[in-house]
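Numbering (the working numbering), first residue to last: 40 to 689. Cβ atoms here follow ideal geometry from the backbone N, Cα and C, with glycine treated the same way. Since the model is a prediction, treat every value here as computed from it, not as a measurement. Have a look at the structure below, then the notes.
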């Protein structure tokens, strides 16, 4: 199915055979309309207006055709010419997001869409491969949005009359059109130069100063670009940095051609896509610039190889000068550097795994002594605690390097979506962030920098190595930001402890609690969910843990349920009695401690009566415990007979 978006008011639907491959579609068969009249473009160039896009996508005919094509498993291709290109792009992205099945998008002479982050997101999703953009070498429209943002409206007002075929020559050669053309290309070169300096590793602070007062365009290319020379030869490129350099450097204004001539040709070529493809249909000579080693000097030193001839052809037909060649080579080297960085990071996996194994062993050893590893690390009383501290520093250094490389876009865009790194990052975060929080409060850093997690927002003390890896998982699972925040549990406990620890007068404690009551209730709700999902370990409920010692008097009900849920999960491992008995033995001390607490809470009136309802989770769980334990349990008299309400309610 080919969906051709020629403008905002007309959508032509054409069905093709289900066996047709989008990549094999003959572009020459597309019929372009003469859209570029002034009154048309004045409306069409508002392509980013949300209501127009929504109106198009809600069109019942388009929606029905798409649904039918999906059900029949047909190939779907969105196409757009000129200002219809962005609409085709947005429609394709929305389709990919809603259907999660492949669809292609082909544009001709389309303006740029989106900034660097926009392209990064598409490459991260591996969606950039579905977008192909055809660009004539001299066409000004694909370069239009490289102009400064403040001048785009003015440039459009100058350009629109130039697309009237009857007045093209006179309008396109006017001083105003030549000036606007030069202004766009100057801005494009500025954007390309700034970008080239960035991926070449320029550290000159002057570069950042200049960008603070120069209005550089944020628009960047993405997908596969096919540059057409007008002679049947086409050059393909996928590297977004290299595409930007080619867009900006393939129109050098030298003495051999006047600005007016080049400007006039740029308008003509934007109207010439149909002619280009019809005249050269079936005769296309495709050259993949990714495969060419574009380096200087071009002298081969002997017989010319086929590659050398292809390079010279590209240089000549694309009008590349020495500066352009250097920038293209640097862009290609930047991509290679990303791959090398990824290989180096992948090689560090073994080191990360070994260090994490040390921390896991440390955690297990702490739990055997009934001291959670959060509290043990915070106390730093044993030599093993110091060894864990050193391992923490090693892991922090490795992960900080990874996050810094991502921040500087020096790793492939899809790196953070790789399943193996999402899983490793999650294990790392859940294992190490608790002891990082312990170290933060052990050194009383909260007194200077504030809470580890600031509920009111603003600059956070939480390291990026945790917030980023958390976001990886949330993105992979399709969850909202903050959903997997269980590794910050101890930070919230510590901050609430500080808020409540005002003085020893009960009325002041109660007043302090009222101020954070909503946060406490939210934490209780989260902990219950984390326990059920096995995202929070049982050491949280050790008798002397920071959490159990902190819980506010009169608010023990939720702590009770946290412990019940965790014990229920651990004991109810199998339907075989011997397995349940073995599981029970591992948590027997915790069960006995819970029952002792229940006696105290009941006596003090701090436990709600619904805990002992016949169908409550607690009652059903308690009756599933081994009979040998129930007969000797201190709360056996409270529980009464199975299937009946406990006696003390009678």
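Would you check if the distance between the CB atom of residue 674 and the CB atom of residue 634 is smaller than 7 Å? Contact flag set, yes.
What is the DSSP secondary structure of residue 143, reduced to helix, strand or coil? strand
Under the three-state reduction of DSSP, which class applies to residue 273: helix, strand or coil? strand
With the cut-off set at 7 Å, would you say residue 469 and residue 506 are in Cβ contact? no
Spatially closest choice to residue 514 from 504, 449, 461, by CA coordinates: 461
So the beta strand (DSSP E) residue 267 belongs to, where does it begin and stop? Note, residue 267: beta strand (DSSP E), 263–267.
Does DSSP put residue 669 in a helix, a strand or coil? helix
Assigned secondary structure, residue 325 (DSSP; H/G/I helix, E/B strand, else coil): Strand at residue 325.
Just how far apart, CA to CA, sit residue 84 and residue 117? Because residue 84 sits at a pLDDT of 36, beneath the cut-off of 50, its placement in the model cannot be relied upon, and the following sentence gives the value as read from the coordinates. If you draw a straight line from the Cα of residue 84 to the Cα of residue 117, it is about 19 Å long.
Own chain residues within Cβ distance below 6 Å of residue 161, not counting five before or after: 167, 261
As an exercise, report each continuous alpha helix (DSSP H) stretch of at least 4 residues that is fully enclosed by the stretch 186–255, in chain order. Qualifying alpha helix (DSSP H) stretches, in chain order: 191–198, 207–211, 214–238, 244–252.
Cβ-based burial, residue 420 [other Cβ within 10 Å; buried from 16]: exposed
Closest to residue 329 by CA distance: which of 369, 303, 312 is it? 369
Cβ-Cβ separation, residue 508 to residue 454 (assumed contact under 8 Å), whole Å: About 12 Å separates the two Cβ atoms, so there is no contact after all.
Quick check on the burial criterion: 16 or more other C-beta atoms within 10 angstroms. Buried or exposed for residue 382? exposed
Return the chain-ordered list of same chain residues with a C-beta closer than 7 Å to the C-beta of residue 254, the five sequence neighbours on each side being excluded. Residues of the same chain with a CB within less than 7 Å of the CB of residue 254, apart from the 5 flanking positions on each side, are 187, 188, 189 in chain order.
Which residues in the same chain have their Cβ closer than 6 Å to the Cβ of residue 212, if we skip the five residues on either side of it in sequence? The residues are 299, 303.
Applying the criterion that 16 or more other CB atoms from any shown protein chain within 10 Å of the CB defines a buried residue, is residue 239 buried or exposed? exposed
Reduced DSSP secondary structure (H/G/I, E/B, other) of residue 116: strand
In the DSSP assignment, the beta strand (DSSP E) including residue 702 goes from what residue to what residue? With the chain covering only 40 through 689, there is no way to say anything about residue 702.
The stretch 433–448 / the stretch 384–402 touching (three or more Cβ pairs under 8 Å): The way I'd put it, the stretch 433–448 does touch the stretch 384–402; three or more beta-carbon pairs between them come closer than 8 Å.
Near the ligand SAM: residue 155 beta-carbon under 6 Å from a heavy atom: With respect to small molecules bound, the structure shown includes none, and the ligand SAM cannot be examined in it.
Identify the residues that DSSP records as bridge partners of residue 154: which are they? 258
Is the stretch 551–566 touching the stretch 443–454 in the sense that three or more CB pairs, one from each, lie closer than 8 Å? no
Can you give me the C-alpha to C-alpha distance between residue 424 and residue 416, rounded to a whole angstrom? 5 Å
Where do the N-terminal and C-terminal ends of the alpha helix (DSSP H) with residue 137 fall, by residue? 123–138
Contact check, residue 287 vs residue 228 under 8 Å by CB: the rounded distance? Rounded, the Cβ-Cβ distance is 5 Å, consistent with contact.
Exposed unless 16 or more other CB atoms sit within 10 angstroms - verdict on residue 577: buried
Going by C-alpha to C-alpha distance, which of 539, 552, 551, 606 sits closest to residue 570? 606
Assuming residue 374 and residue 278 form a contact by the criterion Cβ under 8 Å, report the distance between their Cβ atoms to the nearest whole angstrom. 5 Å
Which first and last residues belong to the alpha helix (DSSP H) in which residue 529 is found? 528–539
With a Cβ-Cβ cutoff of 7 Å, do residue 147 and residue 173 count as a contact? yes
Work out the CA separation of residue 418 and residue 580 for me, nearest whole Å. 18 Å
I'd like the list of long-range same chain contacts for residue 13, defined as Cβ closer than 6 Å, with 5 residues on each side in sequence excluded. Absent from the model: residue 13. The displayed extent of the chain is 40 to 689, so no value can be given.
Residue of 101, 312, 377, 364 minimising C-alpha distance to residue 331: Comparing Cα-Cα distances from residue 331 to each of 101, 312, 377, 364, the minimum goes to 364.
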